[in-house]
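Numbering (my numbering), first residue to last: 263 to 401. Heads up, the beta-carbon is just placed ideally off N, CA and C, and yes, glycines get one too. Everything below concerns the one structure shown next.
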């Protein structure tokens, strides 16, 4: 009787783990992968000493990044409210997000050049590229 109970428990555990594994096909990680947001860039520049951003530059950064922050929030709200209760085409959504992120990245880098000097911009670009390489290695 005891062996029978133990066998049933083992079978139940195996079946439940098989269901959990099937729920995640392809072994992919969740999330969209996303780019760097204006608030993340601002926080990085404000708190990381290697960028040598002074108080005057922080105020200028806030002014140039704030409109991008608002625009990005509006874009995200529009993207995720557009399904209308129907089925969502995640491939199309992913592609649209990729395009929007590329556009936002260009706008952000252009805005940053007005508030930072060339050396600081290059340091930021190098930092972001290093982060991308690390993220790609983890995949």
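Inter-residue Cα distance where the pair is residue i and residue j
i           : j           : result
residue 392 : residue 265 : 55 Å
residue 374 : residue 271 : 60 Å
residue 239 : residue 331 : Outside the displayed range of the chain (263 to 401) lies residue 239, so it cannot be described from this structure.
residue 342 : residue 267 : 48 Å
residue 366 : residue 329 : 11 Å
residue 302 : residue 308 : 10 Å
residue 352 : residue 400 : 23 Å
residue 322 : residue 361 : 27 Å
residue 398 : residue 354 : 22 Å
residue 288 : residue 337 : A caution first: residue 288 carries a pLDDT of 48, below 50, which makes its placement in the model too unreliable to give a value.
Anticipated Cβ contact below 8 Å, residue i with residue j, distance rounded
i           : j           : result
residue 300 : residue 320 : That pair is no contact at about 14 Å.
residue 312 : residue 388 : About 10 Å; that fails the 8 Å criterion.
residue 324 : residue 304 : 7 Å
residue 314 : residue 394 : About 23 Å separates the two Cβ atoms, so there is no contact after all.
Reduced DSSP secondary structure (H/G/I, E/B, other) of residue i
i           : result
residue 305 : helix
residue 378 : coil
residue 325 : helix
residue 359 : helix
residue 310 : coil
residue 349 : coil
residue 393 : helix
When the options are compared against residue i, the one with the closest alpha-carbon
i           : options               : result
residue 333 : 349, 370, 314 and 304 : 370
residue 359 : 298, 269 and 275      : 298
Any non-hydrogen atom of the ligand FMN closer than 7 Å to residue i Cβ
i           : result
residue 269 : This structure simply doesn't include the ligand FMN, nor any ligand for that matter.
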